[in-house]
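Number of protein chains: 2
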Amino acid sequence: MKRNRLSVDQYVSGVLKGDRMVLSRAITLVESTLESDQLLAEKVMEQVIPHSGKSIRIGITGVPGVGKSTFIESFGDILLEAGYKLAVLAVDPSSQRSGGSILGDKTRMEKLSADKRAYIRPSPAGSTLGGVSAKTREAMLLCEAAGFGVIFIETVGVGQSEIAVRGMVDFFLLLMLAGAGDELQGIKKGIIEMCDALVINKADGDNVEAAKRAQREYANALHLFPAKENGWYPKVKVSSAVTGDGLKEVWQMIQEYIEKMMSNGFFESNRASQRVNWMHEHIRYLLESRFYQNPKIKELISSSLEDVRNGNASAIAFGRLLVDNFIQIKER
Amino acid sequence: MKRNRLSVDQYVSGVLKGDRMVLSRAITLVESTLESDQLLAEKVMEQVIPHSGKSIRIGITGVPGVGKSTFIESFGDILLEAGYKLAVLAVDPSSQRSGGSILGDKTRMEKLSADKRAYIRPSPAGSTLGGVSAKTREAMLLCEAAGFGVIFIETVGVGQSEIAVRGMVDFFLLLMLAGAGDELQGIKKGIIEMCDALVINKADGDNVEAAKRAQREYANALHLFPAKENGWYPKVKVSSAVTGDGLKEVWQMIQEYIEKMMSNGFFESNRASQRVNWMHEHIRYLLESRFYQNPKIKELISSSLEDVRNGNASAIAFGRLLVDNFIQIKER
Numbered sequence: 001m002k003r004n005r006l007s008v009d010q011y012v013s014g015v016l017k018g019d020r021m022v023l024s025r026a027i028t029l030v031e032s033t034l035e036s037d038q039l040l041a042e043k044v045m046e047q048v049i050p051h052s053g054k055s056i057r058i059g060i061t062g063v064p065g066v067g068k069s070t071f072i073e074s075f076g077d078i079l080l081e082a083g084y085k086l087a088v089l090a091v092d093p094s095s096q097r098s099g100g101s102i103l104g105d106k107t108r109m110e111k112l113s114a115d116k117r118a119y120i121r122p123s124p125a126g127s128t129l130g131g132v133s134a135k136t137r138e139a140m141l142l143c144e145a146a147g148f149g150v151i152f153i154e155t156v157g158v159g160q161s162e163i164a165v166r167g168m169v170d171f172f173l174l175l176m177l178a179g180a181g182d183e184l185q186g187i188k189k190g191i192i193e194m195c196d197a198l199v200i201n202k203a204d205g206d207n208v209e210a211a212k213r214a215q216r217e218y219a220n221a222l223h224l225f226p227a228k229e230n231g232w233y234p235k236v237k238v239s240s241a242v243t244g245d246g247l248k249e250v251w252q253m254i255q256e257y258i259e260k261m262m263s264n265g266f267f268e269s270n271r272a273s274q275r276v277n278w279m280h281e282h283i284r285y286l287l288e289s290r291f292y293q294n295p296k297i298k299e300l301i302s303s304s305l306e307d308v309r310n311g312n313a314s315a316i317a318f319g320r321l322l323v324d325n326f327i328q329i330k331e332r
Numbered sequence: 001m002k003r004n005r006l007s008v009d010q011y012v013s014g015v016l017k018g019d020r021m022v023l024s025r026a027i028t029l030v031e032s033t034l035e036s037d038q039l040l041a042e043k044v045m046e047q048v049i050p051h052s053g054k055s056i057r058i059g060i061t062g063v064p065g066v067g068k069s070t071f072i073e074s075f076g077d078i079l080l081e082a083g084y085k086l087a088v089l090a091v092d093p094s095s096q097r098s099g100g101s102i103l104g105d106k107t108r109m110e111k112l113s114a115d116k117r118a119y120i121r122p123s124p125a126g127s128t129l130g131g132v133s134a135k136t137r138e139a140m141l142l143c144e145a146a147g148f149g150v151i152f153i154e155t156v157g158v159g160q161s162e163i164a165v166r167g168m169v170d171f172f173l174l175l176m177l178a179g180a181g182d183e184l185q186g187i188k189k190g191i192i193e194m195c196d197a198l199v200i201n202k203a204d205g206d207n208v209e210a211a212k213r214a215q216r217e218y219a220n221a222l223h224l225f226p227a228k229e230n231g232w233y234p235k236v237k238v239s240s241a242v243t244g245d246g247l248k249e250v251w252q253m254i255q256e257y258i259e260k261m262m263s264n265g266f267f268e269s270n271r272a273s274q275r276v277n278w279m280h281e282h283i284r285y286l287l288e289s290r291f292y293q294n295p296k297i298k299e300l301i302s303s304s305l306e307d308v309r310n311g312n313a314s315a316i317a318f319g320r321l322l323v324d325n326f327i328q329i330k331e332r
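Here it is in structure tokens:
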């Protein structure tokens, strides 16, 4: 049941024309783990990358229940009204324990889904985080080349996916809730250090006062952290996806951030180091996928895995044996 | 200034005799990134592993300021009094942003450091998490072979190191504080799902009531999570490292857990899948270290990294070129 592929030229010209169907097929292509697809995808990316890079890349994270989908729906609407085309990419965490609800959430972004100026795409969960983030990054570049001026990368996870997303965006936003749930959805120091802004969501109705109180508390807490290397102090905002309050302020804050970072040089230096990290991630991904797809390695693993499981074979000695076989070191 | 190495036999017999000096040198050996040291370390591990596996492995995590060091000092004292030998290994997170204070903390465990029945060892921060956790795991096995019956693996991080540590222990304990700091040191769903117990620390003096209230709140919150596959519901305890209150109850809880998991088979099946994961981690580590230590790869990277940085060369195409060179695929 292998689906027909387009030619490199067809993918590239379709993406550059903003053809949503071709864009979707191109993202499917880069997500494929088949070696032949990877080679094709790389040729497509080679030609697409010179046309990428012109969007504002925003990471959005928060625990389940914080209202990411409704926030993205309402916040996205403001960007569409301001004339931007918006792409939303969702990174499913590779954690096997916490099953993500991202795919389910997507159906709830009804308005954005129906709008021709928006494009919504979940990324599949992968066995390695490097693989997931590499593919999300390529999907992001494809969306940029297709003319989307703002990209949201949505993540829900246990830390790993946030770190990966932080490594591919310009601005990282953490959604929070005020009130009773604080203990369960609280923020860790490391997450705060990654964030450029906290937004207290669901600040409407009876919840407005609690949200403003939380805003003050978090703002005070953030004062305890040192300034970031780019000179930006993370801001705390309140917003409501229901009433729309605060959403324009969030967008103003992001624009202010981008302006400052462009003028002090951080915007470009950040993207430059992201490109280098991307290379290292891609190397890791290729090394592992080549390794595990190698027929000889597959055979060795299937014949001896049980011995590793029950402890009869040493996990490290067997690992080294496999790697030696793979890179064909015949002697020492 | 290369330090003299011992022979494989000297390492092995020293470790098995419980010689602390040799144990320390063996851990230093497994932590070395030199290829020759790695080969030597592997031979040592091969002989040591059959003598390992008999300890109770406990992961302890919590944000900075939660009192991990004083908890470990007081809790460790209870284990020593109960006749156990205790090793404490600290995993420094590989995050470059949040500089860990683990090494600083170690000097604060004055009592444990001075006790011959205890052994304290920080692990160095590594560039890859796989590398760090692989070496911590080997250090753990060395300590077991040296006769330590309980191993603490202490971690402070932003999620990544917790996941790695969860993958090598039998029991995972999250330290928390009650009260004003909840927003900052709160727990994420993914972390709770990894934990076998929450312990509200610093439950002494004016703080006792708040700790007990937090205990009730967290216990209620944990009811919302489904039971784990092993049938264990995470417990919430309070303790004080200062007064010693609650520490014996924590130890009783861990013993109860170990007994249950041994009788329902989870203890062994968990360790079996940990061994398989360990093999995969080690493969990843070896692939990357062999790759980046390869002279040809080093040369190619140094000659073209600037082009990747400034965007003149494609990060993914250059990554693939490097990997192709490394595994010597001459044609397609």
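In the order they appear, the protein sequences are chains A and B.
Its first residue numbered 1, the first sequence is counted upward by one per residue in the UniProt record's numbering.
Its first residue numbered 1, the second sequence is counted upward by one per residue in the UniProt record's numbering.
Ideal Cβ placement from N, Cα and C applies to all residues, glycine included.
From the DSSP secondary-structure annotation, give me the bridge partner or partners of A/I120. Here residue 120 of chain A refers to the residue found at position 120 when the first sequence is read from its first residue. Answer is A/V88.
Proximal chain A residues relative to B/H282, where beta-carbon distance stays under 8 Å: Numbered from its first residue, the second sequence carries residue 282 of chain B at position 282. Those within 8 Å of B/H282 in chain A are A315, I316, G319 and R320.
Enclosing beta strand (DSSP E) for B/T155 [first to last residue]: Locating residue 155 of chain B in the second sequence gives position 155, where the first residue counts as 1. Annotation for B/T155: the continuous beta strand (DSSP E) segment containing it runs V150 to T155.
Identify the residues that DSSP records as bridge partners of B/V323: which are they? Here residue 323 of chain B refers to the residue found at position 323 of the second sequence. As DSSP reads the structure, B/V323 sits in no beta bridge.
For A/I49, which residues in chain B fall below 7 Å Cβ to Cβ? As a working note, residue 49 of chain A is residue 49 in the first sequence. Correct list: S314.
Neighbour flag for A/V308 against chain B, beta carbons, 8 Å: Here residue 308 of chain A is taken as the residue at index 308 of the first sequence, counted from 1. A/V308 counts as touching chain B.
Complete runs of the beta strand (DSSP E) confined to the segment 22-93 of chain B [at least 3 residues]: Listed in chain order, they are 56-61 and 86-91.
Beta-carbon spacing of B/P122, B/A90 below 8 Å: Here residue 122 of chain B corresponds to residue number 122 of the second sequence, with the count starting at 1. Here residue 90 of chain B corresponds to residue number 90 of the second sequence, with the count starting at 1. In this structure, B/P122 lies near B/A90, with their beta-carbon atoms less than 8 Å apart.
Backbone CA spacing between B/I72 and B/L198 [nearest angstrom]: Here residue 72 of chain B refers to the residue found at position 72 of the second sequence. Here residue 198 of chain B refers to the residue found at position 198 of the second sequence. B/I72 and B/L198: Cα-Cα distance of roughly 15 Å.
Does the separation of the CB atoms of B/E42 and A/A317 fall below 8 Å? As a position in the second sequence, residue 42 of chain B is number 42, starting the count at 1. As a position in the first sequence, residue 317 of chain A is number 317, starting the count at 1. In contact: B/E42 and A/A317 (Cβ atoms closer than 8 Å).
Amino acids of chain B, ordered along the chain, whose beta-carbon sits closer than 9 Å to that of A/R213: Your numbering for residue 213 of chain A matches position 213 in the first sequence. Simply none; closest approach about 11 Å.
Is there a Cβ of chain B sitting closer than 8 Å to that of A/V12, yes or no? Sequence index remark: in the first sequence, residue 12 of chain A carries index 12 (1-based). Any Cβ of chain B closer than 8 Å to the Cβ of A/V12 would place that residue at the interface, and such an atom is absent.
Using the Cβ count rule (16 or more neighbours within 10 Å means buried), how would you classify B/M262? Position 262 of the second sequence, counted from the first residue, corresponds to residue 262 of chain B. Classified as exposed, B/M262 has fewer than 16 neighbouring CB atoms from the shown chains inside 10 Å of its CB.
Is the CB of B/S205 under 8 Å away from at least one CB in chain A? Taking the second sequence and counting its residues from 1, one reaches residue 205 of chain B at position 205. Note that residue 205 of chain B corresponds to Gly in the displayed sequence, not to Ser. Chain A, which has no Cβ nearer than 8 Å to the Cβ of B/G205, makes this no.
Shorter than 8 Å from the beta carbon of B/K330 to some beta carbon of chain A? Taking the second sequence and counting its residues from 1, the one referred to as residue 330 of chain B is at position 330. Because the pLDDT of B/K330 is 39, which lies under 50, any placement of that residue in the model is unreliable, and the question is left without a value.
Kindly identify the DSSP beta-bridge partner or partners of A/K237. For this step, residue 237 of chain A is matched to residue 237 along the first sequence. For A/K237, DSSP records a beta bridge to A/V199.
Element boundaries [beta strand (DSSP E), containing A/L6]: As a working note, residue 6 of chain A is residue 6 in the first sequence. Careful: A/L6 lies outside any beta strand (DSSP E) and carries neither H nor E.
Between B/V30 and the rest of its own chain, which residues show a CB-CB distance below 6 Å, the 5 nearest in sequence each way excluded? Counted from its first residue, the second sequence places residue 30 of chain B at position 30. Within the same chain, B/V30 has close Cβ partners A41, K135 and E138.
Beta-carbon proximity of B/L174 to B/T61, cut-off 8 Å: As a working mapping, residue 174 of chain B is identified with position 174 in the second sequence. As a working mapping, residue 61 of chain B is identified with position 61 in the second sequence. Between B/L174 and B/T61, the gap from beta carbon to beta carbon is short of 8 Å.
Buried or exposed: B/T155, going by 16 or more other Cβ atoms within 10 Å of its Cβ? Here residue 155 of chain B is taken as the residue at index 155 of the second sequence, counted from 1. B/T155 comes out buried.
For the segment 284-295 of chain A, enumerate the residues whose C-beta is nearer than 7 Å to any C-beta of chain B, in chain order. Result list: R284, L286, L287, E288, R290 and F291.
Cα-Cα separation between A/Y84 and A/R284, rounded to whole angstroms: Along the first sequence, one-based indexing puts residue 84 of chain A at 84. Along the first sequence, one-based indexing puts residue 284 of chain A at 284. Across the structure, A/Y84 and A/R284 are spaced so that their CA atoms are roughly 35 Å apart.
Closer than 7 Å between beta carbons: that is the criterion. Which residues of the segment 234-255 of chain A meet it against chain B? Taking 7 Å as the Cβ-Cβ cut-off against chain B, none of the residues of the segment 234-255 of chain A qualify.
Can you list the residues of chain A that B/L305 reaches, using a CB-CB cut of under 9 Å? By 1-based counting over the second sequence, the position of residue 305 of chain B is 305. Within 9 Å Cβ-Cβ: V276 and M279.
Which first and last residues belong to the alpha helix (DSSP H) in which B/M109 is found? For the purposes of this step, residue 109 of chain B is taken as residue 109 along the second sequence, with counting starting at 1. Per DSSP, B/M109 belongs to no alpha helix (DSSP H) and is neither H nor E.
Can you tell me whether A/L141 is helix, strand or coil according to DSSP? Position 141 of the first sequence, counted from the first residue, corresponds to residue 141 of chain A. Three-state result, A/L141: helix.
Assigned exposure category for B/S314 - 16 Cβ within 10 Å defines buried: Taking the first residue of the second sequence as position 1, residue 314 of chain B is located at position 314. With a threshold of 16 other beta carbon atoms within 10 Å, B/S314 meets it and is buried.
Residue interval of the alpha helix (DSSP H) (run including B/M279): Position 279 of the second sequence, counting from 1, holds the residue named residue 279 of chain B. B/M279 -> alpha helix (DSSP H) spans F266 to Q293.
Near-chain A residues of the segment 31-48 of chain B (beta-carbon distance less than 7 Å), N- to C-terminal order: Listed by position along the chain: E42, M45 and E46.
For A/L173, write down the residues that DSSP places opposite it in a beta bridge. The residue you call residue 173 of chain A lines up with position 173 of the first sequence. Residue pairing by DSSP places A/L173 opposite A/I60 and A/A197 in a beta bridge.
Residue-chain proximity (B/G311, chain A), Cβ-Cβ < 8 Å: Looking up residue 311 of chain B in the second sequence gives position 311. Using a CB distance cut-off of 8 Å, B/G311 counts as an interface residue toward chain A.
Could you run through the segment 74-92 of chain B and flag, in chain order, every residue whose CB is less than 9 Å away from some CB of chain A? Residues of the segment 74-92 of chain B with a C-beta atom less than 9 Å from some C-beta of chain A do not occur.
Pair every Cβ in the segment 245-256 of chain B with every Cβ in the segment 224-234 of chain B, then say whether three or more of these pairs are closer than 8 Å. At 8 Å Cβ cutoff, the stretches do not touch.
Is residue 333 of chain A helix, strand or coil when you go by DSSP? Because chain A spans 1 through 332 in this model, residue 333 of chain A falls outside it and cannot be assessed.
Would you call B/N201 buried or exposed, if buried means 16 or more other Cβ atoms sit within 10 Å of its Cβ? What you label residue 201 of chain B is simply residue 201 of the second sequence in a count that begins at 1. Burial call: buried.
Give a yes or no on whether 8 Å exceeds the smallest Cβ distance from B/V208 to chain A. On the second sequence, residue 208 of chain B is found 208 positions in, with the first residue counted as 1. For B/V208, the closest Cβ of chain A is not nearer than 8 Å.
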